[in-house]
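Position 64, counted from 1, in the sequence shown is what full-length UniProt numbering calls 64; the numbers after and before it change by one each time, with no gaps. See below for the structure under consideration.
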Amino acid sequence: MNEIEKMRNGLLADFTAPEVQESFRHCKTLLARFRTMSTYDADYRSVLEQLIPGIPATTVVVPPFHCDHGHGIRLGEHVYINAGCTFLDGACITIGDYTLIAPNVQIYTPHHPLDYRERRESKEYSYPVTIGKDCWIGGGAIILPGVTIGDRCIIGAGSVVTRDVPSDSLAVGNPAVVKRKLNTPEE
């Protein structure tokens, strides 16, 4: 199992390994082009499809955008990712159909070891992040490794999501806490 496969599987992985560094390099080369683009540029879609393979034609990512690899990002149909977002995709980041990501949202999958001696070895764990369908992630929200956000959720601007959020929830704060259920029959 190579180091990228270890990252994708939540195992301790060496991010200085040649295959990881090559993935970083390839991604950074594409990002250098993408950051200077507008969604109206003729080659916008071509560069975006190289950066995030399999991205649906109905999905938009507004530059500037930052990610570590790109190939760890899975986006549904009609997803909208606004400007200034950072997705650290050591493990997979999956976002469901019709989800809106506001500006400057940060989604992290890497998790460094707690022991300082292990951190010195340039190794880290990565845990997937999943965001369901029809969600709205407010501006500047931070989503930490291993979190799952259910369908039809709203995450308030500036919130730090440290734990799973069940479907049909409004969660806000640092740490984010479910404040109420959404989409109930009495609404």
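Note that beta-carbon positions come from the ideal geometry of N, C-alpha and C, so glycine has one too.
Where the beta strand (DSSP E) containing residue i begins and where it ends
i      : result
HIS66  : 65-67
ALA32  : Per DSSP, ALA32 belongs to no beta strand (DSSP E); it is in the alpha helix (DSSP H), 18-34.
ARG74  : 73-75
TYR108 : 106-108
THR99  : Neither: THR99 is in no beta strand (DSSP E) and is coded neither H nor E.
Residue i versus residue j - alpha carbon distance
i      : j      : result
LEU182 : PRO18  : 46 Å
VAL105 : MET1   : 32 Å
ASP89  : TYR108 : 7 Å
PRO63  : ALA32  : 10 Å
GLY84  : PHE65  : 5 Å
ARG8   : THR130 : 13 Å
VAL47  : GLN21  : 20 Å
PRO110 : THR94  : 15 Å
MET37  : LYS28  : 15 Å
Beta-carbon gap between residue i and residue j smaller than 8 Å
i      : j      : result
GLY150 : VAL165 : yes
ARG163 : CYS135 : no
ALA102 : ILE55  : no
LYS123 : TYR98  : no
PRO128 : CYS92  : yes
SER159 : VAL172 : yes
PHE34  : ASP68  : no
Residue range of the unbroken alpha helix (DSSP H) whose run includes residue i
i     : result
THR58 : It is not in any alpha helix (DSSP H) - THR58 carries neither H nor E in the DSSP assignment.
ILE4  : 3-8
GLU49 : 44-51
Which of helix, strand or coil DSSP assigns to residue i
i      : result
SER167 : coil
TYR116 : helix
VAL129 : strand
ASP14  : strand
TYR80  : strand
THR39  : coil
Within the stretch 136-184, ranges of the alpha helix (DSSP H) (whole runs, at least 4 residues): none
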